[in-house]
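Here numbering that gives the first Met the number 0 is used: position 28 in the sequence shown is 27, and no number is missing along the way.
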Amino acid sequence: MMDTDKFIEFANQIGKLKELKRTGWYKDAGIDKEYVESVADHSYRCAMLATVLADEAGLDSGKVTKMMLLHDLEESITGDIIRSEKENQDPKEVYQRELDAFKKVISSLSENLQEQYLQLWKEYQTGETAEAKLCRSVDRIDQAIQAQEYFKRYPNKKTLKKFSDDNDLEKRSPETEEICKKLLEWGNSE
Numbered sequence: 000m001m002d003t004d005k006f007i008e009f010a011n012q013i014g015k016l017k018e019l020k021r022t023g024w025y026k027d028a029g030i031d032k033e034y035v036e037s038v039a040d041h042s043y044r045c046a047m048l049a050t051v052l053a054d055e056a057g058l059d060s061g062k063v064t065k066m067m068l069l070h071d072l073e074e075s076i077t078g079d080i081i082r083s084e085k086e087n088q089d090p091k092e093v094y095q096r097e098l099d100a101f102k103k104v105i106s107s108l109s110e111n112l113q114e115q116y117l118q119l120w121k122e123y124q125t126g127e128t129a130e131a132k133l134c135r136s137v138d139r140i141d142q143a144i145q146a147q148e149y150f151k152r153y154p155n156k157k158t159l160k161k162f163s164d165d166n167d168l169e170k171r172s173p174e175t176e177e178i179c180k181k182l183l184e185w186g187n188s189e
């Protein structure tokens, strides 16, 4: 059984994601920070969407759900760093910083869970399995859908379209191909 204090420590650490706003929406799209979704909001919808798609495709939906719930946990320490900022940094250093943060987040869990969750996080990062490819694609799909939702509220924010373009929807899995095509139609419309 897990130590109660360590469980609460873990809960407090991941709870920071409920308050952490997704940076790209206010830095790149100009959405008022007060109305921007949190990382936890994003992770929850990603987990639901990926689970449904995995079940439909006969993939391991339990693995997919865990992978999506774990994929941004390190941001409770590193913050939500937008891609354009990461692109100006050494990818190996970025990965190591995120890996170290992820390990710190899960450090209060049992060794067994740490190993299991770390493996799933790394699998997501490499994106080589069918489940990881699906999850990485769903991560982008959620962003494109969120851009559409913001655009309905803020139709003058044309920059939102760039969150649903070929660059952002390049990570596709067979299960998400048609969804990405549909989202690209919106992103490429005038």
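Positions of the beta carbon are idealized from the N, C-alpha and C atoms, including for glycine. Please read these numbers as outputs of a predicted model, since none were measured by experiment.
Distance check for residue 38 and residue 79, CA to CA, integer angstroms please. 8 angstroms
CA nearest to the CA of residue 125, picked from 159, 90, 1, 140: 90
Which ranges does the beta strand (DSSP E) cover as unbroken runs of at least 3 residues, wholly within the stretch 84-157, from first to last along the chain? none
What's the gap between the Cα of residue 88 and the Cα of residue 98? If you take the alpha carbons of residue 88 and residue 98, they lie about 15 angstroms apart.
Suppose contacts are defined by Cβ-Cβ distances below 8 angstroms. Is residue 123 in contact with residue 135 by that definition? yes
Indicate whether the contact test is met: 3 or more Cβ pairs, each with one atom in the stretch 63-72 and one in the stretch 32-52, closer than 8 angstroms. yes
Quick one: Cα of residue 218 to Cα of residue 54, how far? With the chain covering 0 to 189 only, the question about residue 218 has no answer from this structure.
Assigned exposure category for residue 21 - 16 Cβ within 10 Å defines buried: buried
Pop quiz: residue 119 and residue 66 are said to be a contact at Cβ under 8 angstroms. What is the actual Cβ separation, rounded to whole angstroms? 5 angstroms
For residue 5 versus residue 107, is the C-beta distance shorter than 8 angstroms? yes
Taking the alpha-carbon positions, what's the residue 10 to residue 93 distance? 25 angstroms
Note the first and the last residue of the continuous alpha helix (DSSP H) segment covering residue 162. Run containing residue 162: none; DSSP gives neither H nor E here.
Helix, strand or coil for residue 20, going by three-state DSSP, please let me know. Residue 20: strand per DSSP, three-state reduction.
Let's see if you can read the secondary structure: which residues bound the alpha helix (DSSP H) around residue 1? Looking at the DSSP string, residue 1 is not in any alpha helix (DSSP H), and its letter there is neither H nor E.
DSSP three-state label for residue 37, please. The answer is strand: DSSP assigns residue 37 an E or B state.
Can you check which of these residues, 14, 30, 2, 142, is closest to residue 156 by C-alpha distance? Taking the Cα of residue 156 as reference, the smallest distance to any Cα among 14, 30, 2, 142 is reached at 30.
Exposed or buried, residue 3, counting other C-beta atoms within 10 Å across all chains shown (16 or more means buried)? exposed
Can you tell me whether residue 116 is buried or exposed, with buried defined as 16 or more other CB within 10 angstroms of its CB? buried
Take the Cβ of residue 34 as the centre, count every other Cβ of all protein chains shown within 10 Å, and call the residue buried at 16 or more, exposed below. Counting Cβ neighbours within 10 Å, residue 34 comes out exposed, since fewer than 16 surround it.
Going by the beta-carbon positions, is the gap between residue 168 and residue 182 smaller than 8 angstroms? Yes; because the gap between Cβ atoms is below 8 angstroms, this pair is in contact.
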